[in-house]
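This report concerns only the one structure given below.
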Amino acid sequence: MDKFKILVTEHIADAGINLLKSQPDVELTYDPELFRDFNKILSIIHEYDALITRSGTPVTEELFERAKRLKVVGRAGVGVDNIDLDAASRRGILVVNAPTGNTLAATEHTMGMMIAAARQIPYAHNSLMIEKRWDRKKFMGVELAGKTLGIIGFGRIGSRVAIRAKAFDMKVIAYDPYIKKEKAERLGVELVDELDELLKRSDIITVHTPLTEETKNMITKKEIEKMKDGVILLNIARGGIINEEDLYEALVSGKVRAAAIDVFAKEPATDNILLKAPNIVVTPHIGANTYESQTNVAVIIANQVLAALRGEEVEFAVNAPYEDTAAAKVLKPFMELAEKLGLFAVQVACSRSKEITLEFRGDLGEDTSPLVTAFLKGFLQKIVDIPVNLINAPFLAKEKGISVVEVKRPEGINFKKLIRVSCKSDRGEFTIAGTVMDDKFPKIVEINGFLFDLTPEGKLLLIKNIDVPGVIGKLGSILGKYSVNIAGFQLGRTEKGKEAKGVILVDDDVPAEAIEEIKKIPEIMEVKQITLS
Ligand code: NAD
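Note that the sequence shown covers residues 1 to 533 in full-length UniProt numbering.
Set out below in structure tokens:
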């Protein structure tokens, strides 16, 4: 059995390494210092099916270029700034991370930093430890109980901070335009509609959003001015969400009583302006640093990478085109059908079409994007020279300027559920439709308005001919001459004596010379060889 070769270029906790080592189908190379030698990585990466890194290994286009076997990159942690996601997606390489491994570590660090800032613990500690002073009056703090905590970003960490803050008798409000009100309500948290409202009402504000265009500099001088005098600010999320210069000014002026910061716009942050600010508690990005979280992350990433290599479902795909894998499961036979329709359409007439219409009839779910992706996967297979999969298909289609127009019609005709593809190009118009029989078996049921009952597999010849006797006989003798075995055929026609469409199922490839001979049969108007598997 060929083993999956996995390369780990940075330190990950033993639990993850042991898990990988114990797999019979894995050959592991664990070199925790390798990230320091990028050239060495470049020279060996072609041997590996999977790469596991932390934030120190530059996973670049250049690396992907050489990584001919690479199927998956696992980031043992959350941030994927060191990975060129577009380049990975273009090549169909899945990137997975472990976003949940350090949730509790970051949550608990937030609580620790909140209390440290409210009670000036580091200052009192330094005064006694370093200056040997017994200064009890100097260190007056504020209590958390009865105060309003404003949480910006109510995701995994934000919501867990809320639960803990409530145990401290705080009133908790949150701002997060991307979650449902019920999520906050369930935890006894009031979700406010506007950031301004949170800024005005909170005694302590903590940010727990990702760093995005929208959240970068989300808190600047302007926002700080709207806050209560003596507010306490925390950032345990990502550097740059709170503007550092503006926070420095506000700490100096006393508008902000205290701040607690674990993350900085530029790290390492040994000469950051905030290190000169009064009343600030800082830590060097250690929010995730607990033994438990390192173990969690290592185990999660090992499992994610194994699942990806074995073709099983992965939970934390960073560059997957859609998230709803449960829905994708239900749609599976239709995904197969959509892919076959794409493969069929591109070989007949649609390869030069820039706009393709997919009509979904009957209840194919609200989100039909997985079906579009599957269609594109089939379609692109014949027009690009790299392996196409569900991850890179939408990217490749975009690169090629191919767009899909979705039309949804709730009612089915003839079939309860149907997918119909139509395209126009200089090669003419083409439509093909299919359904799934018994919830399992994809079938092609219509080609250019002619009815068929075709299992989309194997090889076939699609012909357009004049419906007169003897055509199939002539065709059969040419195929026989070239030793091509006919496995079956189906004819579709609208009216006797007019144009007909035929599908000849064949067991072998039809040589080009045979196709040329078939084209010479006077009644044959068109012939195309199509491979569906
Ligand atoms: P999450 O994805 O579960 O939650 C983030 C929340 O922010 C989501 O609910 C999202 O809707 C919300 N959000 C996004 N844009 C927003 C906006 N403009 N305004 C308000 N809310 C917005 O993420 P998480 O696991 O809770 O992590 C939160 C942050 O903590 C991330 O930035 C993560 O990188 C960081 N983190 C830091 C450490 C550390 O070492 N300090 C450790 C773990 C995580």
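We put the beta carbon where it would ideally sit given N, CA and C, even for glycine.
Roughly how many angstroms separate the alpha carbons of residue i and residue j, rounded to a whole number?
i       : j       : result
Arg-133 : Glu-249 : 29 Å
Pro-321 : Leu-390 : With a pLDDT of 40 at Pro-321, under the threshold of 50, the predicted position of this residue should be treated as unreliable, and no value is reported.
Leu-454 : Val-26  : 41 Å
Glu-323 : Phe-316 : Only weak support exists for where Glu-323 lies, its pLDDT of 37 falling under 50; the coordinates are left without a value.
Met-218 : Ile-241 : 5 Å
Glu-143 : His-125 : 18 Å
Leu-479 : Ser-425 : 30 Å
Asn-319 : Arg-90  : 10 Å
Asp-135 : Met-129 : 12 Å
Lys-3   : Leu-28  : 9 Å
Lys-5   : Asp-49  : 5 Å
Arg-310 : Asp-37  : 29 Å
Pro-394 : Val-436 : 24 Å
Met-227 : Ser-202 : 7 Å
Thr-325 : Lys-183 : Residue placement at Thr-325 cannot be trusted, given a pLDDT of 48 that sits under 50; what the coordinates show is reported in the next sentence. Cα to Cα, the separation comes out at about 22 Å.
Ile-204 : Asp-169 : 13 Å
Asn-235 : His-208 : 7 Å
Ser-351 : Asn-392 : 18 Å
Phe-452 : Leu-491 : 8 Å
From the DSSP output, in three-state form, read off residue i for me.
i           : result
Phe-334     : helix
Arg-90      : helix
Tyr-291     : helix
Arg-136     : coil
Val-252     : helix
Gly-476     : helix
residue 561 : Residue 561 falls outside the range modelled here, since the chain spans only 1 to 533, and no answer is possible.
Asn-414     : coil
Tyr-48      : coil
Thr-325     : Residue confidence is low: Thr-325 scores 48 on pLDDT, short of 50, so the model does not pin down where it sits. No coordinate-derived value is stated.
Pro-278     : coil
Leu-195     : helix
Lys-400     : coil
residue 538 : Shown here, the chain extends from 1 to 533; a query on residue 538 therefore has no answer.
Ser-442     : Here residue 442 turns out to be Pro, not Ser, going by the sequence shown. The answer is strand: DSSP assigns Pro-442 an E or B state.
Could you check whether the Cβ of residue i sits closer than 7 Å to any heavy atom belonging to the ligand NAD?
i       : result
Ala-106 : yes
Glu-214 : yes
Asn-102 : yes
Asp-193 : no
Val-78  : yes
Leu-211 : yes
Ala-237 : yes
Val-262 : The question names Val, but residue 262 in the sequence shown is Asp. Yes, the Cβ of Asp-262 comes within 7 Å of a heavy atom of the ligand NAD.
His-208 : yes
Phe-154 : yes
Pro-284 : no
Pro-370 : no
Tyr-291 : no
Gly-287 : yes
Ile-157 : yes
Pro-268 : no
Tyr-175 : yes
Taking 7 Å as the line, does the beta carbon of residue i fall inside it for any heavy atom of the ligand ADP?
i       : result
Tyr-178 : Ligands present in the displayed structure are limited to the ligand NAD, and the ligand ADP is not among them.
**Q.** Residue ranges of each alpha helix (DSSP H) within the stretch 55 to 84, 4 or longer
**A.** 61 to 66
Q. What are the complete beta strand (DSSP E) segments, minimum 3 residues, inside the UniProt domain "ACT" (460 to 533)?
A. 486 to 493, 499 to 506, 524 to 531
Q: Just list the beta strand (DSSP E) runs in the stretch 148 to 187, keeping only unbroken ones of 3 residues or longer that don't cross its boundaries, in chain order.
A: 148 to 152, 171 to 175
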